[in-house]
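Trainee: At position 176 of the sequence shown the residue is numbered 196 (my numbering), and the sequence of numbers has no breaks.
The structure under discussion is supplied below as structure tokens; questions concerning it will follow.
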Amino acid sequence: MPAYTPLSSDTIIKIKEAVGPDAVIRDPDKLIEFGKDAAEDACTPELVVEATTARQVQALLRLANEHSFPVTPRGLGTGLAGGSVPLCGGVLLSLAKMNRILAIEEGNLIAVTEPGVVTLDLQNAVKEKRLFYPPDPASLDTCSIGGNAATNAGGPACVKYGTTRDYVLGLDAVLPSGEMIEAGVRTRKGVVGYDLRHLLLGSEGTLGVITKLILKLIPLPPALTTMVAFFPRLTGAMETVTAMLTRGHVPCAVEFLDDRCLEITGDLLPFQEARAAKAMLIIETDGVQEIIEGQMEAIGAICLELGATDVIMAPDSLKRARMWEIRRAVSLRIEESYPLYLHEDVVVPIGRIAELVGGLRELEEAHGMTIYAFGHAGDGNIHVNIAAEDPGRRPRIEEGIEILLRRVLSMGGTISGEHGIGIAKKRFLPLELSAESIRIQKAIKEIFDPRHILNPGKIFI
Ligand SMILES: Cc1cc2nc3c(=O)[nH]c(=O)nc-3n(C[C@H](O)[C@H](O)[C@H](O)COP(=O)(O)OP(=O)(O)OC[C@H]3O[C@@H](n4cnc5c(N)ncnc54)[C@H](O)[C@@H]3O)c2cc1C
């Protein structure tokens, strides 16, 4: 990892001049808040810049390039890979205050936003105009669109609508040199030159700082139906997911909770059936009312065919809201209960989901850990949440994680579906990427950031 000298008082004066004194935080108590995201690593920055304009971002990065100090971009700090932790000290660049929705162009079906807009705020704003912005990470009320773009966030709707990448038509980014580029388009299509937009999306703040986004919107589906199904076996629930998708049904959400998650949240879930079940599926379809009703009946029949003990159609809106609230908070509940909590978010091809989850219990017994599995079953994106009462078990657990990741890769899967590499999965990168692939990616980083000032210590360096 690169080493940097601490910011000198001279450099701090220059930063204040460049971005304005009001944008700078130096109070040690406040700095601590910016040193952590939702993963385990933490490192207090030497200084925080709260940008309100792209010009401030440019001025800061020009100075960083000139004086070789690290800058770590941060949205709202909900990342699960340590991506916004200022590992090498220096400046933490918060984009949280660049939070304006600049335009919702109904005639063009696009929205233009600053990066700090909270995802749910954008969804609600476009909904008022009967438009829809589908990407819906479970953290959508606390994370930012810029963070979503930088991590290519997905959520339950991904199974039908895709990830954030599918909705970013274009973006403005400030490069580590301080230069601003516009990447992508404002149109539905565009193939002029290499696709720098897609290179920046998912690059976890290591290639550029996103300061504006042009987002694709679609018409709001007129209706939505929900179904909850309970199973006596987790593998049965997963076989149902595969059957549903391969038989031609495309719900807009297929989420699951295993028995451990049901145990830890069961008292909160508004369904009696949750207490005895070994797995729960939440399935939603959207579109024209008559069509989705028929689709739900067919999906319900598949659930029963593959062993569901209870299928609850169209729970009332209060129960539905409560159910989603609990689904989204499962990880917080696990975190409260264990001193050691590690998040893996592997993905396997949809035909292998049952096989993957079927092997989890044997893995936990062999490595002294407790596994809570939940997530976006429709994408094969299984959140394998690993917890332990005794943090001293960490080395054995790490061995177990490596076995899990190798198993996922042998099934044709990937080690991270949406949380990214950041710090948390850096050591596992060579399991999935070849030496040549890593060499090319490092060379790309060199072109963008030859002085390694932007978010150092993440992904590769
Ligand atoms: C309870 C919970 C549930 C979650 N559920 C999901 C889920 O369902 N799906 C999912 O994908 N993720 C999920 N996450 C992870 C997290 O919410 C996402 O990764 C989210 O996209 C991060 O957004 P953020 O604004 O908090 O970004 P941060 O955590 O602040 O930053 C994330 C990364 O993006 C970079 N970054 C942030 N803003 C910019 C910018 N403007 N320009 C360049 N780089 C930038 C940072 O450097 C960092 O590497 C969950 C997290 C929690 C705590």
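Backbone N, C-alpha and C fix where the C-beta goes; we use that ideal spot for every residue, glycine too.
Tell me, please, whether the segment 231-247 touches the segment 116-135 by the rule of three or more beta-carbon pairs shorter than 8 Å.
Mentor: The answer is yes - the segment 116-135 touches the segment 231-247, with three or more Cβ pairs under 8 Å.
Trainee: Quick check on the burial criterion: 16 or more other C-beta atoms within 10 angstroms. Buried or exposed for residue 465?
Mentor: Stepping through the sequence shown from its first residue, residue 465 is reached at position 445. Buried is the call here.
Trainee: Nearest to residue 424 by CA position, among 136, 128, 86, 363, is which residue?
Mentor: Within the sequence shown, numbered from 1, the residue matching residue 424 stands at position 404. The option with the nearest alpha carbon to residue 424 is 363.
Trainee: Could you compute how far the alpha carbon of residue 413 sits from the alpha carbon of residue 421?
Mentor: As a working mapping, residue 413 is identified with position 393 in the sequence shown. As a working mapping, residue 421 is identified with position 401 in the sequence shown. Each residue's Cα considered, the two are about 12 Å apart.
Trainee: Is the beta carbon of residue 245 less than 8 Å from the beta carbon of residue 334?
Mentor: If you number the sequence shown from 1, residue 245 lands on position 225. If you number the sequence shown from 1, residue 334 lands on position 314. In this structure, residue 334 lies closer than 8 Å to residue 245 by Cβ.
Trainee: Is residue 266 helix, strand or coil by DSSP?
Mentor: Within the sequence shown, the letter at position 246 stands for residue 266. It is helical.
Trainee: Whether or not the segment 323-338 and the segment 371-390 are in contact is what I'm after, with contact meaning three or more pairs of Cβ atoms, one per stretch, closer than 8 Å; do they touch?
Mentor: Judged by Cβ distances under 8 Å, the segment 371-390 makes no contact with the segment 323-338, as fewer than three pairs qualify.
Trainee: Do residue 300 and residue 282 have their beta-carbon atoms positioned less than 8 Å apart in this structure?
Mentor: Here residue 282 is taken as the residue at index 262 of the sequence shown, counted from 1. Here residue 300 is taken as the residue at index 280 of the sequence shown, counted from 1. Yes.
Trainee: Counting pairs of Cβ atoms below 8 Å between the segment 204-223 and the segment 58-72, do you hit three or more?
Mentor: Flag = no, the segment 204-223 and the segment 58-72 do not touch.
Trainee: Quick one: grab the DSSP three-state call for residue 448.
Mentor: Walking along the sequence shown from the start, residue 448 turns up at place 428. The answer is helix: DSSP assigns residue 448 an H, G or I state.
Trainee: DSSP three-state call for residue 320: helix, strand or coil?
Mentor: Residue 320 sits at position 300 when you count from the first residue of the sequence shown. The answer is helix: DSSP assigns residue 320 an H, G or I state.
Trainee: Comparing C-alpha positions only, which one of 478, 469, 480 sits nearest to residue 88?
Mentor: Counted from its first residue, the sequence shown places residue 88 at position 68. Minimum Cα distance to residue 88 is reached at 469.
Trainee: Taking the alpha-carbon positions, what's the residue 120 to residue 441 distance?
Mentor: Taking the first residue of the sequence shown as 1, we reach residue 120 at position 100. Taking the first residue of the sequence shown as 1, we reach residue 441 at position 421. Cα-Cα distance, rounded: 28 Å.
Trainee: How far does the beta strand (DSSP E) with residue 236 in it reach, from first residue to last?
Mentor: Your numbering for residue 236 matches position 216 in the sequence shown. Looking at the DSSP string, the run of the beta strand (DSSP E) that includes residue 236 is 229-236.
Trainee: Within 7 Å: the Cβ of residue 93 and any heavy atom of ligand 1?
Mentor: Within the sequence shown, residue 93 is the residue found at index 73, counting from 1. Yes, ligand 1 has a heavy atom inside 7 Å of this Cβ.
Trainee: Name the one or two DSSP bridge partners that residue 395 has.
Mentor: Taking the sequence shown and counting its residues from 1, one reaches residue 395 at position 375. Its beta-bridge partners are 276, 402.
Trainee: Let's see if you can read the secondary structure: which residues bound the beta strand (DSSP E) around residue 118?
Mentor: As a working note, residue 118 is residue 98 in the sequence shown. That residue, residue 118, is in no beta strand (DSSP E); it is neither H nor E in DSSP.
Trainee: If we count the other Cβ atoms within 10 Å of its Cβ and call it buried at 16 or more, is residue 144 buried or exposed?
Mentor: For the purposes of this step, residue 144 is identified with residue 124 of the sequence shown, where counting begins at 1. Exposed: under 16 other Cβ atoms inside 10 Å.
Trainee: From the DSSP secondary-structure annotation, give me the bridge partner or partners of residue 55.
Mentor: As a position in the sequence shown, residue 55 is number 35, starting the count at 1. Beta-bridge pairing links residue 55 to no other residue.
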